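Quick note, the sequence shown lines up with residues 201 to 1248 if you use my numbering. Glycine is no exception: its CB is placed at the ideal position from the N, C-alpha and C atoms. Here the structure is a predicted model, which is why all the values come from computation and not from measurement.
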Amino acid sequence: MNRSLVSLLLLGWALAVAGPPRDIPVAYDVDLVVAGGGCGAVATAETAARSGARVLLITSRNYLGEDMAGTMQLWLEPGEEPEGEMAKKLYEDPFLEEGPGLPYTYVADQVSDKRHPDTKVPSRLRRARKATDAQHESVQYPNDVTITADLGMPTQVREITATAFLRSRDFAVRDALVQVSRDGKAWEDFGRSRSHTVGDRQEFVIPVARSIRHARLCFRRAKSAKRILLGSIKFIGETDDLRSRAVRASRPLHAKKTLENALRDAGASFLFGCYATTLLVDADGRASGLVMSNRMGVQTIRAKAVVDATEHAVLARAGNLPFREAPERPRTARWVVIAEKPTARKGLTARKLPIPVTVYDLKGRAATPGPAAWYQYTFGTKVADEPAARMAFEAECRGWLYNDTQLFTADRPVLVPQRPIVSRFEGTVTWGGANSLPLDVCRPAAMAGLWVLGGCSDVPRDVAEKLLRPMSLLALGSRLGERITKEIASQDVPTQVSMVPPTADGNVSGDVREALLGLRPTEDQATVRDAGASLPILGRYDVVVVGGGTSGAPAGIAAARQGAKTLVLEYLHGLGGVGTLGMIGKYWYGNRVGFAAESPENPIEVRMQFYLSELRKAGGEVWFGTLGCGAVTDGNRVTGVVVATPFGRGVVLAKVVIDGTGNADIAAVAGAETRFVDPFFALQNSHIPPREIGASYINGNRAPIDAADPVDVTSAMAKFPARSFDRGQIISSRERQRIVGDYELDWLDQLNRRTFSDSITLGQSDYDSHGYQVHPYFMLKPARPPGDHKRQFYSFVPYRCLLPKGLNGILVVGLGISVHRDALPIVRMQPDLMNIGYAAGLAAARSAKAGTSLRDLDVDRLQAELVAVGILARDVPSQRDSYPLSATALAAAVAGLPTGYEGLALVLADPEQSKPLLRAAYDQSAAEERLAYAHVLGILGDAHGVPALVQQASALIAKGDFTYRREADGMDRLNQLLWALGRSGDPRATATVIRLADAGAVATSARFRAVVVSLGATGGKLAVPTLRRLLAEKQGSNSASELMVACA
201 MNRSLVSLLL LGWALAVAGP PRDIPVAYDV DLVVAGGGCG AVATAETAAR SGARVLLITS
261 RNYLGEDMAG TMQLWLEPGE EPEGEMAKKL YEDPFLEEGP GLPYTYVADQ VSDKRHPDTK
321 VPSRLRRARK ATDAQHESVQ YPNDVTITAD LGMPTQVREI TATAFLRSRD FAVRDALVQV
381 SRDGKAWEDF GRSRSHTVGD RQEFVIPVAR SIRHARLCFR RAKSAKRILL GSIKFIGETD
441 DLRSRAVRAS RPLHAKKTLE NALRDAGASF LFGCYATTLL VDADGRASGL VMSNRMGVQT
501 IRAKAVVDAT EHAVLARAGN LPFREAPERP RTARWVVIAE KPTARKGLTA RKLPIPVTVY
561 DLKGRAATPG PAAWYQYTFG TKVADEPAAR MAFEAECRGW LYNDTQLFTA DRPVLVPQRP
621 IVSRFEGTVT WGGANSLPLD VCRPAAMAGL WVLGGCSDVP RDVAEKLLRP MSLLALGSRL
681 GERITKEIAS QDVPTQVSMV PPTADGNVSG DVREALLGLR PTEDQATVRD AGASLPILGR
741 YDVVVVGGGT SGAPAGIAAA RQGAKTLVLE YLHGLGGVGT LGMIGKYWYG NRVGFAAESP
801 ENPIEVRMQF YLSELRKAGG EVWFGTLGCG AVTDGNRVTG VVVATPFGRG VVLAKVVIDG
861 TGNADIAAVA GAETRFVDPF FALQNSHIPP REIGASYING NRAPIDAADP VDVTSAMAKF
921 PARSFDRGQI ISSRERQRIV GDYELDWLDQ LNRRTFSDSI TLGQSDYDSH GYQVHPYFML
981 KPARPPGDHK RQFYSFVPYR CLLPKGLNGI LVVGLGISVH RDALPIVRMQ PDLMNIGYAA
1041 GLAAARSAKA GTSLRDLDVD RLQAELVAVG ILARDVPSQR DSYPLSATAL AAAVAGLPTG
1101 YEGLALVLAD PEQSKPLLRA AYDQSAAEER LAYAHVLGIL GDAHGVPALV QQASALIAKG
1161 DFTYRREADG MDRLNQLLWA LGRSGDPRAT ATVIRLADAG AVATSARFRA VVVSLGATGG
1221 KLAVPTLRRL LAEKQGSNSA SELMVACA
């Protein structure tokens, strides 16, 4: 190997933007911090933690095992043998060998219970994999049940397997009586089968070894149980599932979960979604921690020692350490895919791997026949390890390797880095296994306290290629963790640390803005002083789109098609966001016109490739694995984005920035006002999708997750079940942080079919809200009456909703647009978000070309272009704002309120004009009608009708009947009363709410919410005793958390 030295300073760019002096919060003080989530990183962290060290591992990905699961190097090559408990567990995958079984239909001799029902045409017991989750993967029967199955034709069956769930004195199966038949007439009795217990499951295995068509399985309830919960029944053919393999392998999710469990069991902490960007050093120049960037901002970690296990040794580069020059040798790249057939190209070798593959249908429920296999592609490349070249290489490879039978692909290729660090080791290194490598090859010569583990360790490149195998990294990482722990045992965590200064001076004007609140904001956070490090300029573009998701990818394509120099920054390794890697590859509703009609809906691999090919065909670029984590501004104008890349942190400058993060991340850090959760602590549910080969649509509904919070995301990901092929890397959120724009779209706009002069799309949906509502309208009336679940709503979206109030040079798309949270369900359907993104791309390109402000854009011309591409109907450009409402319309709406609150949407849309009409109607009406007017006045914060509300409450208290009753319109009358009293703001009403609460009116979660939000908003001491009592009663529940927030 050529041992001559070259100081390779990849971040030493000629142009840079000066960062401001600032104090960066300290997130953790630990003994050892490990940057990188690969096998070697995990082994180092686990070994150190088991030796008693306080360890934190951070990784830019939302999983561990980026060099195994991320590259899909999930098999053992000949001669590789796992050593150590973690290595062995990585290849003990209980689900990989499990095939889908033989197809069959079945019927049951009794109806399943509605708590865990079967489908209308029974199918839930026919699972490709054995059931493991009693709550979500079971069918319930109250007593003994006989399942009769039909394989369709006589078939050679080796055995029948079945799964039932077990909970003492609740559900259990005593045994199963089994009969089989070839013709459904003559039955052969197989007698009684007993189960063996695996955790909370009972597993039955019935040997058959003959040709059958029919089977009867009578599951008999245990005497001590109240019910039966069956999970799955599978018929195993003579060759099915006898998956003899030439290699031992595992699924991506099994690898991820195994590594997570290893760290957790060892007591090591880890965080997903965090990019290591800068080294911290003590007064002696010793590595003493790092700076990390994530969607929450910038934080520091102080430590006794640092391990840089990132793919490109990003901390060593940021620390200005010397690297050896690149050897003159050809490079070989490897990429793994699962497809029905391999891609055939000159210079490309495809190796078919003997690893089992089960391909699923669209929804991931049933296995489908097909010849899919794992393929490892090998090809030569001359690409240099320079950021822009490597980013382009990945995008080019995805297009070059793709064929339309592709079902699954690795996140990134395996490519040995060109340049290793200059280490302390002076000898010659040859490969004799990872256990024979001298550890000093991981120790930079120019800095103590830092270790570099991986492809940039100081070994010849042919040795590095062998080192990058997962088993090798595990072995070397374990040795390294032991060595470091011994060396730092007597040291203290340094408190006086500083950032390694950059090599380039800031010579381009601009203010760098990044969030500095910490992972968990507290009043007395320790900080590390940043004297004002310069950030290298990585590129200049007309349009930069941050986030290549549902709106971002179409935005980039539209801008590039207009001839704008366009860059899309995407954190994941594919475009499309929730609609592709988020596994929602099937539309619910949405106006499927324009770009949404051009884009394929599924399969997700086809859709991702469509976005990528259309972007590149139009001349656009994409950087995968890159996070937008800050903004560059000039006054109130956004002029660029701070990015964290696999090569480090820098700046991309732009004439126009499109924030497609779905969370308004860039707009928020640039200074835009935003809304999220407050003031009602309301958030729609989220989803983490399982990934199955071939599936494109696996939806779900779970408690809300803040997708921008690494702590929340890591916790949610780590709790994900281990049984699917893989786990999605994106949080499929239905609601996120939103800007306050030049206009905020309201639910009343949608109900009233409001038109605008600057509409850019027409959204369409039913009211698909996965959570409760907070808009005043919903305190008196539901979105739709019970039973009318197919009712469609339509909503124009004005261009002004994309413009953050007070900021120039930036548009916001996706779920981050300016819209009331209760109006979001009507405009968040994928086709509508795609068309919003496309419109933003057109606007951004036109603004960048003309050099005009986004607010000075010719909206008429933009609308004409949107008509031309089919996003807008031809009559939309001629529309004008249908507000303000006429006096005649308001008067009619007020008159209709006593009849089921008809006209409520119009009345609430213009409170100032409506209130006088409401007061007059209240004064002139009979008692029953007067109550309706009192409710509406109260909701609008007007106390004129409080006497009627108090009278109604007093009558209920006297009667003592607080039973929940859902009336014909779907509303609870007492809940309506509580909201009207609480929002009136009148002291008499507050006292009445307290009387109702103390009398026992808080019988449901909806009423509980109405009471605590109303009382909390008063800020008065009168409410404290009641709130304290309710908190004590609800201790440990989600409602208690909501109470604390509401009353803060």
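Taking the alpha-carbon of residue 766 as reference, which of 754, 774 and 772 has the nearest alpha-carbon?
754
Looking only at C-alpha atoms, which of 965, 974, 1194 and 643 sits nearest to residue 990?
965
What are the start and end residues of the alpha helix (DSSP H) that includes residue 239?
239 to 250
Suppose the cutoff is 6 Å on Cβ atoms and the five residues either side in sequence are ignored; what does the same chain contact list for residue 900 look like?
887
Applying the 10 Å Cβ sphere with the 16-neighbour rule, what's the burial state of residue 860?
buried
At 4 residues or longer, what runs of the alpha helix (DSSP H) sit wholly inside the region 659 to 708?
661 to 667 and 670 to 688
Between residue 712 and chain B, is the shortest Cβ-Cβ distance under 8 Å, so that the two count as touching?
The displayed structure is made up of one protein chain only, and chain B is not part of it.
In whole angstroms, what is the alpha-carbon distance linking residue 1165 and residue 1139?
21 Å
How would you call residue 481, buried or exposed, if buried means at least 16 neighbouring beta carbons within 10 angstroms?
buried
DSSP state of residue 845, grouped into three classes?
strand
Among residues of its own chain, excluding the 5 on either side of residue 750, which ones have a beta-carbon nearer than 8 Å to its beta-carbon?
776, 777, 778, 779, 862, 1014, 1030, 1033, 1034 and 1037
What is the DSSP secondary structure of residue 960, counted as helix, strand or coil?
strand
For residue 1046, is the classification buried or exposed, using 16 other Cβ atoms within 10 angstroms of its Cβ as the cut-off for buried?
buried
Using three-state DSSP, classify residue 390 as helix, strand or coil.
strand
Can we count residue 1001 as close to the ligand SAM, meaning its CB is less than 7 Å from some heavy atom?
For the ligand SAM, the structure offers nothing, since it holds no ligand at all.
If we ignore side chains and look at the alpha-carbon of each, how far apart do residue 349 and residue 357 end up?
13 Å
Taking 7 Å as the limit between beta carbons, can you name the residues of its chain near residue 396, skipping five residues before and five after?
403
Contact belief for residue 455 with residue 607 at Cβ below 8 Å, rounded distance in angstroms
The Cβ separation is near 19 Å, so there is no contact.
Extract the residue ranges of the beta strand (DSSP E) inside the region 912 to 987, only unbroken runs of 3 or more that lie entirely within it.
959 to 965
On the three-pair Cβ rule with 8 Å, is the region 606 to 622 touching the region 654 to 664?
yes
Between the region 472 to 492 and the region 501 to 512, are three or more C-beta pairs nearer than 8 Å?
yes
Determine the direct distance from the alpha carbon of residue 400 to that of residue 510, and round the result to whole angstroms.
40 Å
Does the distance from the C-beta atom of residue 470 to that of residue 264 stay below 8 Å?
yes
Straight-line Cα distance separating residue 569 from residue 801:
22 Å
Relative to the alpha-carbon of residue 476, which residue among 451, 517 and 468 has its alpha-carbon at the smallest distance?
517
Residues bridged to residue 814 by DSSP?
Bridge partners of residue 814: none, in fact.
Buried versus exposed call for residue 202 [16 or more other C-beta atoms within 10 Å across all chains shown]
With a pLDDT of 30 at residue 202, under the threshold of 50, the modelled position of that residue is not reliable, and the figure given next carries that caveat. With fewer than 16 other Cβ atoms within 10 Å, it is exposed.
What residue does the alpha helix (DSSP H) around residue 553 start on, and which one ends it?
Residue 553 -> not in any alpha helix (DSSP H); beta strand (DSSP E) instead, spanning 548 to 553.
Start-end ranges of the alpha helix (DSSP H) lying completely within the region 560 to 619, minimum 4 residues
587 to 601
Which partner residues of residue 359 appear in the DSSP bridge assignment?
407 and 436
Does the structure place the region 833 to 840 close enough to the region 925 to 938 that three or more beta carbon pairs sit under 8 Å?
no
When you compare only the Cα positions, how much space is there between residue 250 and residue 693?
19 Å
Just verifying my parser: in three-state terms, what is the DSSP assignment at residue 443?
Only weak support exists for where residue 443 lies, its pLDDT of 46 falling under 50; the value from the coordinates is given anyway. In the structure shown, residue 443 sits in coil (DSSP, three-state: anything other than H, G, I, E or B).
Range of the contiguous alpha helix (DSSP H) that encloses residue 1179
1173 to 1184
How many angstroms separate the CA atom of residue 239 from the CA atom of residue 690?
27 Å
Which value, in whole angstroms, describes the spacing of the CA atoms of residue 334 and residue 891?
20 Å
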